[in-house]
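The structure appears below as structure tokens.
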Amino acid sequence: MATWTISTMERYNDGGVIVAHWRVNDSETVGDDTYSASAYGTCSFTPDASSPDYVPYDDLTEEMVLGWCFADGVDKDAIEASLTAQIEEQKNPTTEDGVPW
Numbered sequence: 012m013a014t015w016t017i018s019t020m021e022r023y024n025d026g027g028v029i030v031a032h033w034r035v036n037d038s039e040t041v042g043d044d045t046y047s048a049s050a051y052g053t054c055s056f057t058p059d060a061s062s063p064d065y066v067p068y069d070d071l072t073e074e075m076v077l078g079w080c081f082a083d084g085v086d087k088d089a090i091e092a093s094l095t096a097q098i099e100e101q102k103n104p105t106t107e108d109g110v111p112w
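Next comes the structure, spelled out in structure tokens:
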């Protein structure tokens, strides 16, 4: 199961968040082998302290900010599907490295 986190946020001095940096990790263990994949990105915001939906910085939760990112266009399902595909490729590679000599 993929684990989403907000690794850091950039904000104005008044606390309005302008950028959230997200990360998602997934892994699968098969026998003694663990396969993993991750992705990282950012979401940008235009805070409006006069908006009734404005949340003060100290009241923000990680779940809330992740929700903003998903609403802002981060395609959670597509990213998680990509991580699953990367793990499947690690488990069953379709390419090989090396030289013939």
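Under our numbering, the letters of the sequence shown match residues 12 to 112, in that order.
Ideal Cβ positions, reconstructed from N, Cα and C, are used throughout, including at glycine.
Could you name each continuous beta strand (DSSP E) segment of 3 residues or more that falls completely within the segment 14–66, going from the start of the chain to the end? 14–22, 28–41, 44–55
Segment limits, alpha helix (DSSP H) that includes G84: Neither: G84 is in no alpha helix (DSSP H) and is coded neither H nor E.
Between V66 and the rest of its own chain, which residues show a CB-CB distance below 7 Å, the 5 nearest in sequence each way excluded? M75
Run the CB neighbour count on A31, radius 10 Å, all protein chains shown included, and call it buried at 16 or more, exposed below. buried
Within a Cβ cutoff of 6 Å, which residues of the same chain sit near T16, ignoring the five residues on either side of it in sequence? R34
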